[in-house]
Amino acid sequence: MATFQNTTTSSVIFLLTGMPGLEAFHAWISIPFCFLYATALSGNSLILFAIVTQASLHEPMYYFLSMLSTTDLGLSISTLATMLGIFWFNAREVISFNVCLSQMFFIKLFTVMESSVLLAMTFDRYVAISNPLRYASVLTDLKIAVIGVAIVTRGTLIQTPLAVLLKRLSYCSSHVLHHSYCFHPDVMKLSCTDTRINSAVGLTALISTAGVDSVFILLSYVLIIRTVLSIASPEERKKAFSMCISHIRAVAIFYIPLINLSFVHRFGKQTPLYVQTLIASAYLLLFSVMNLIIYSVKTKQICKAVLKALRISMTKS
Numbered sequence: 034m035a036t037f038q039n040t041t042t043s044s045v046i047f048l049l050t051g052m053p054g055l056e057a058f059h060a061w062i063s064i065p066f067c068f069l070y071a072t073a074l075s076g077n078s079l080i081l082f083a084i085v086t087q088a089s090l091h092e093p094m095y096y097f098l099s100m101l102s103t104t105d106l107g108l109s110i111s112t113l114a115t116m117l118g119i120f121w122f123n124a125r126e127v128i129s130f131n132v133c134l135s136q137m138f139f140i141k142l143f144t145v146m147e148s149s150v151l152l153a154m155t156f157d158r159y160v161a162i163s164n165p166l167r168y169a170s171v172l173t174d175l176k177i178a179v180i181g182v183a184i185v186t187r188g189t190l191i192q193t194p195l196a197v198l199l200k201r202l203s204y205c206s207s208h209v210l211h212h213s214y215c216f217h218p219d220v221m222k223l224s225c226t227d228t229r230i231n232s233a234v235g236l237t238a239l240i241s242t243a244g245v246d247s248v249f250i251l252l253s254y255v256l257i258i259r260t261v262l263s264i265a266s267p268e269e270r271k272k273a274f275s276m277c278i279s280h281i282r283a284v285a286i287f288y289i290p291l292i293n294l295s296f297v298h299r300f301g302k303q304t305p306l307y308v309q310t311l312i313a314s315a316y317l318l319l320f321s322v323m324n325l326i327i328y329s330v331k332t333k334q335i336c337k338a339v340l341k342a343l344r345i346s347m348t349k350s
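Letter 170 of the sequence shown, counting from 1, is numbered 203 in my numbering, and no numbers are missing.
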């Protein structure tokens, strides 16, 4: 295993190794990951294109969906170069500290934004069900734009201290990372200085984002269920519940793997390293692809709009 004596962050370089113990299978592992990347990038781009070009989708629900697709695209692009570079060429990827830090920052930023967008979509569903007559007046274009700016600002303010704290650490032992992209806990383990502050701030950031968001999403759905159960007509109750199904699925596929990943890295010391790496790598792509299935395949309006947008673009070309 390679070792380095660099102690300043400006001169530190890391080696991304992919999946330790499975190097011989990197070429095979690249096949499903290439498929996931192609699906996530093309599918989310099509959803964004359809929402921008189709006037029928210029509604609050679809604006929030465009935000979700944007964060999914950001996550996919953030890891694309290093992950496929390692799997395709079966070689360790050399990456400088600043580039590694930038990749970590954007991965964390888009993850926080994803959580924030899911919370905003919960509020959207609550307003649509509890007060449908005022839906358009409550969620105006200006308010949605303000929510979007707030989501980006929140993620940036939360993730900046984590990046600053990483720069104060010294890395004077092995600089070999056991992932195919720069993963925050993986980088912290390589430091030869005290990382308790980093761990505390990282845990605080996780609790104040995904933790707080999940609590508010749960409380919102309690209110939504109370509202739906107060509706007299069974048909209207069924219609109201059906409005939330896609969002509930999106919340589940985001938070359940995130919780499992956090537990594996904090408490799964006996878990094989390649299992942790595989879970971390797959997590960033799977919910992007699952969101596509949930919203583009299961939602007829999106499916029709995407097909219409494709037909129009093909006709013009």
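C-beta: ideal position from N, C-alpha, C; glycine also.
Straight through space, the alpha carbons of Asn-77 and Thr-103 are spaced by roughly 7 angstroms. Leu-210 is bridged by DSSP to Leu-49. Rounded to the nearest whole angstrom, the CA to CA distance from Lys-271 to Ile-250 is 20 angstroms. Looking from the CA of His-212, the closest CA among Pro-290, Val-197, Leu-311 belongs to Leu-311.
DSSP, read as helix, strand or coil, puts Ser-129 in strand. Contact annotation: Leu-98 and Asp-246 have beta-carbon atoms that are not nearer than 8 angstroms. Scanning its chain for C-beta atoms nearer than 7 angstroms, with the 5 sequence neighbours on each side dropped, one finds around Val-127 the residues Ile-46, Leu-48, in chain order. Going by beta carbons, Leu-74 and Ser-109 fall inside the 8 angstroms limit.
With respect to Leu-210, Thr-228 sits apart: the two C-beta atoms are not nearer than 8 angstroms. Short of 7 angstroms from the beta carbon of Asn-324, and not among the five residues preceding or following it, lie these beta carbons of its own chain, in chain order: Leu-101, Asp-105, Ala-283. Burial check for Pro-93: the Cβ neighbour count within 10 Å reaches 16 or more, so the residue is buried. Under the three-state reduction of DSSP, Ile-286 is assigned to helix. Excluding five sequence positions before and after Gly-235, the CB atoms of its chain that fall closer than 7 angstroms to its own CB belong to Leu-195, His-217, given in chain order. Apart from sequence neighbours up to five positions away, the residues of its chain that approach Gly-118 with a beta-carbon distance below 7 angstroms are Glu-126, ordered along the chain.
Contact check for Leu-113 against Gly-188 fails: the beta carbons are separated by 8 angstroms or more. Distance from the CA of Ile-191 to the CA of Val-197, rounded to the nearest whole angstrom, comes to 11 angstroms. For Ala-71, the uninterrupted alpha helix (DSSP H) run begins and ends at 59-86, by DSSP.
Listed in chain order, the non-local C-beta contacts of Leu-175 below 6 angstroms within the same chain number zero, local neighbours out to five positions each way being set aside. With 16 or more other CB atoms across the displayed protein chains lying within 10 angstroms of its CB, Glu-147 is buried. For Met-137 against Val-220, the beta-carbon gap comes to about 7 angstroms, under 8 angstroms, which counts as contact. Within the same chain, no residue comes within 6 angstroms of Cys-67 by CB-CB distance, once the 5 residues on both sides are set aside.
For Arg-229, the enclosing alpha helix (DSSP H) covers residues 229-239. Listed in chain order, the beta strand (DSSP E) runs fully inside the stretch 92-159 are 126-129, counting runs of at least 3 residues.
Residues Phe-120 of the same chain have their beta carbon placed closer than 6 angstroms to that of Ile-62, with the five preceding and five following residues left out of the count.
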